[in-house]
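What follows is one structure encoded as structure tokens, with my remarks underneath.
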Amino acid sequence: KNGKFWLFGGFACQGYNLPRKDLDDLWMYDPIANNWTWMAGDSIPCEAPNWGSKGVTAATNKPGARWPYTNWTDNNGDLWFYGGGTHTCGSASNIYMADLWKCDISGTNPLWTWISGSSATNELSQPGTQCVPSISNFPGGSFEQRSEWKDDCGNFWMMGGKDKQYLWKYKPGTNEWVWVSGSLN
Numbered sequence: 001k002n003g004k005f006w007l008f009g010g011f012a013c014q015g016y017n018l019p020r021k022d023l024d025d026l027w028m029y030d031p032i033a034n035n036w037t038w039m040a041g042d043s044i045p046c047e048a049p050n051w052g053s054k055g056v057t058a059a060t061n062k063p064g065a066r067w068p069y070t071n072w073t074d075n076n077g078d079l080w081f082y083g084g085g086t087h088t089c090g091s092a093s094n095i096y097m098a099d100l101w102k103c104d105i106s107g108t109n110p111l112w113t114w115i116s117g118s119s120a121t122n123e124l125s126q127p128g129t130q131c132v133p134s135i136s137n138f139p140g141g142s143f144e145q146r147s148e149w150k151d152d153c154g155n156f157w158m159m160g161g162k163d164k165q166y167l168w169k170y171k172p173g174t175n176e177w178v179w180v181s182g183s184l185n
């Protein structure tokens with residue numbers, strides 16, 4: 001937005017075979033000033049999400065620490081994130097999320113809204129009927145979706161993910177997911 005580059009979360013390794021530290025920090029890079037600014041999130045790793053209520057923006061909402069999630073920018077310049085992986089700190093097991101978040105970056109302090117999906121971990125897909133949009137539909141918990149795009153109508157598309165072979169479309173204007181094709185879980 002406004003020529004700035006935004007970066008959310010990820011993980012930091014402290015060395016080979018040492019624990020990863022999952023992060024939930026939001027940074028903005030200004031290429032003209034050539035500097036990074038920490039905009040939101042925690043300064044300590046492994047922070048849990050605070051979903052709040054679906055569709056309600058609040059200063060206390062946050063998606064929590066996660067990495068390879070799907071992301072888009074909508075027509076207003078807001079940031080959107082789906083799913084991703086995380087762990088419970090001290091555990092080597094992966095947890096996959098199935099929640100959709102919007103981050104309004106228009107003000108001084110970015111504000112998060114949990115939009116759809118589930119707050120449960122490792123949730124299975126809720127596909128409904130193929131090619132039929134619904135606010136009850138959502139992809140299952142996943143991470144590493146490497147193909148995502150926004151079409152000319154402002155809809156978000158997401159293909160695949162770790163061990164996933166599917167194509168989904170999200171319609172921000174109606175808050176509906178559409179399972180387009182592929183196997184689900």
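Number 64 in my numbering belongs to position 64 of the sequence shown; there are no gaps in the numbering. All C-beta atoms, glycine included, are put in the ideal place defined by N, C-alpha and C.
{"Item": "P133 versus A120: straight-line alpha-carbon distance, rounded", "Value": "22 Å"}
{"Item": "Beta-carbon gap between D22 and G41 smaller than 8 Å", "Value": "no"}
{"Item": "Buried versus exposed call for D99 [16 or more other C-beta atoms within 10 Å across all chains shown]", "Value": "buried"}
{"Item": "Backbone CA spacing between L184 and M158 [nearest angstrom]", "Value": "13 Å"}
{"Item": "Beta-carbon contacts of K252 that lie in its chain and below 6 Å, excluding the five residues immediately before and after", "Value": "There is simply no residue 252 to check, as the chain begins at 1 and stops at 185 in what is shown."}
{"Item": "W27 vs W38 beta-carbon contact at 8 Å", "Value": "yes"}
{"Item": "Burial state of L124 (16 or more Cβ within 10 Å)", "Value": "exposed"}
{"Item": "Start-to-end residues for the beta strand (DSSP E) that takes in G3", "Value": "Where G3 is concerned, there is no enclosing beta strand (DSSP E), given that its DSSP letter is neither H nor E."}
{"Item": "CB of N71 within 8 Å of CB of E176, strictly", "Value": "no"}
{"Item": "Supposed contact pair A65 and S47 - C-beta distance, whole angstroms, cut 8 Å", "Value": "The sequence given here places Glu at residue 47; Ser does not occur at that position. That belief holds up - the Cβ atoms of E47 and A65 are roughly 5 Å apart, short of 8 Å."}
{"Item": "For D151, the nearest candidate out of Q145, W168, K164 and G140 (CA to CA)", "Value": "W168"}
{"Item": "Endpoints, beta strand (DSSP E) assigned at G107", "Value": "No beta strand (DSSP E) contains G107, which DSSP labels as neither H nor E."}
{"Item": "Cβ pair I95, W6 closer than 8 Å", "Value": "no"}
{"Item": "C-alpha distance - Q145 paired with S181, whole-angstrom precision", "Value": "15 Å"}
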